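Enquirer: Note that the sequence shown ends on residue 280 in my numbering; no numbers are left out.
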Amino acid sequence: MFIMEKSRMKNIKIYTGNRPSILLVGAGGFGIKRLKILKEFDKKGLITLCGVVVKTERSKAEIEREYKIPAYLSLLGTILERTDAIVIATPPSTHHSLVKKCLPYAHVFVEKPLATTAKDARELHMLAAKYKKKLMVGHTFRFSPITEELKREIAKKKRTLMRIHGVFTGTTLSHRESYAHPAFEYLHPLDILDYLLHKEPATIWSRTNDLLCKADIRYDGPIDAHLELGWKGDKKIRSLEFFFSGSSQETIRADYLSNTIEYKRENRIVYRKHK
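#1: Unbroken beta strand (DSSP E) runs of length 3 or more, entirely within the region 19-106: which are they?
#2: Tell me whether the beta-carbon of Arg-39 lies closer than 8 Å to the beta-carbon of Leu-54.
#3: What does the alpha-carbon distance come out to for the pair Gly-56 and Phe-146?
#4: In this structure, does DSSP put Lys-219 in helix, strand or coil?
#5: How far does the beta strand (DSSP E) with Glu-246 in it reach, from first residue to last?
#6: Quick test of the definition: if touching needs 3 or more C-beta pairs under 8 Å, does the region 112-121 touch the region 74-94?
#7: Would the region 166-181 and the region 233-251 be scored as touching if the rule is three or more Cβ pairs under 8 Å?
#8: Quick check: what's the CA-CA separation for Arg-277 versus Tyr-72?
#9: Excluding five sequence neighbours on each side, which residues of the same chain lie with their C-beta closer than 7 Å to the C-beta of Arg-164?
#10: Return the CA-CA distance between Ser-64 and Ile-42, expressed in angstroms with no decimal places.
#11: Assign Ala-188 to one of three DSSP states: helix, strand, or coil.
#12: Please report the distance separating the alpha-carbon of Lys-136 from that of Glu-86.
#13: Would you kindly check if the distance between the Cβ of Tyr-77 and the Cβ of Val-58 is under 8 Å?
#14: DSSP on Asp-260, reduced to helix/strand/coil?
#15: Would you give the residue range spanned by the alpha helix (DSSP H) that Arg-157 belongs to?
#16: By how many angstroms is the C-alpha of Tyr-261 removed from the C-alpha of Lys-244?
#17: Considering just the uninterrupted stretch of the beta strand (DSSP E) at Leu-140, what are its terminal residues?
#18: Find the nearest neighbour of Gly-238 within the set Leu-217, Arg-258, Asp-225, judged by alpha-carbon distance.
#19: Given a threshold of 16 other Cβ atoms within 10 Å of its Cβ, counted over all protein chains shown, does Ala-32 qualify as buried or as exposed?
#20: Which same chain residues, not among the five before or five after Ile-52, have their C-beta less than 6 Å away from its C-beta?
#21: I need the straight-line Cα distance from Phe-247 to His-112, nearest angstrom please.
#22: Tell me which residues share the same chain as Val-275 and place their Cβ nearer than 7 Å to its Cβ, disregarding the 5 neighbours each side in the sequence.
#23: Provide the residue span of the alpha helix (DSSP H) that contains Arg-127, from first to last.
#24: Going straight from the alpha carbon of Ser-179 to that of Gly-34, what length do you get?
#25: Just to confirm, is the Cβ distance from Ile-266 to Ile-169 under 8 Å?
#26: Look at the Cβ atom of Ala-220, then the Cβ atom of Ala-185, and state whether they are nearer than 8 Å.
#27: Taking the alpha-carbon positions, what's the Thr-61 to Ile-159 distance?
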């Protein structure tokens, strides 16, 4: 499979044989970011960027003029047959149908969420197994050094993890009507907790308005998590805080914007790490 993180480009080693051919589907705000990274990969000889699928003639003309690559207005089987892997950067409501169409032909990297219903997600999981293809969702925070540090620290803590508080929000001014449900747009902390705890939630309560989803999750243990996901206030936040049992009130707070982890005891910072 291919790697989409620009920051890791210097250490990338992929495919010992021919360069894989990559097709991008979607060239909106986030799709353009992916396109620029894929172009760099192409220049470095890591992949062959074979084209982009767009919605309009205008987008087609702009992409071909600026990036000097083919652009297509539909996802045809003749294109898919020449592709090793596909990057899908389109609205969430389109993910299920696009991934389903691509899996018989190629490996797929799709932006979060994989699908908007559990039933559709399970179907795609089974199709990937059926066609022996890699299917990866863009939960990039799982691969952050902050997440790896959290995993090590939680595993070695002698005290029991009791509670988690997470806030993944953008500013209210950054919200657009075209965005998905806030829980779909800010799925990252759910994936991080899946990775760290290796547990499925026992119970989930949530309440949502147009901008913010507040979710209370209970894991066996019991461990309680409270998450705020969506758009709130005038400051972008990406943080998780873990509270442990005991009279010393030990906590670990991870900030994914500053790439720091703070260790506290009795509300005092014991030490801070920058990753």
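Here a beta-carbon is modelled for each residue, glycine too, at the ideal position from N, C-alpha and C. If you're wondering where the values come from, they're calculated on a predicted model, not measured in any experiment.
Expert: Reading from the atomic positions:
#1: 26-30, 53-58, 90-93
#2: no
#3: 27 Å
#4: strand
#5: 242-249
#6: yes
#7: yes
#8: 43 Å
#9: Phe-249, Ser-250, Gly-251, Glu-255
#10: 18 Å
#11: helix
#12: Reading off the sequence, residue 136 comes out as Tyr, not Lys. Whole-angstrom Cα-Cα distance: 14 Å.
#13: yes
#14: strand
#15: 150-161
#16: The residue you asked about is not Lys; residue 244 is Ser in the sequence shown. Near 6 Å, if we compare the C-alpha coordinates of Tyr-261 and Ser-244.
#17: 140-142
#18: Leu-217
#19: buried
#20: Arg-24, Pro-25, Ile-27, Phe-46
#21: 36 Å
#22: Tyr-268, Lys-269
#23: 123-136
#24: 13 Å
#25: no
#26: no
#27: 49 Å
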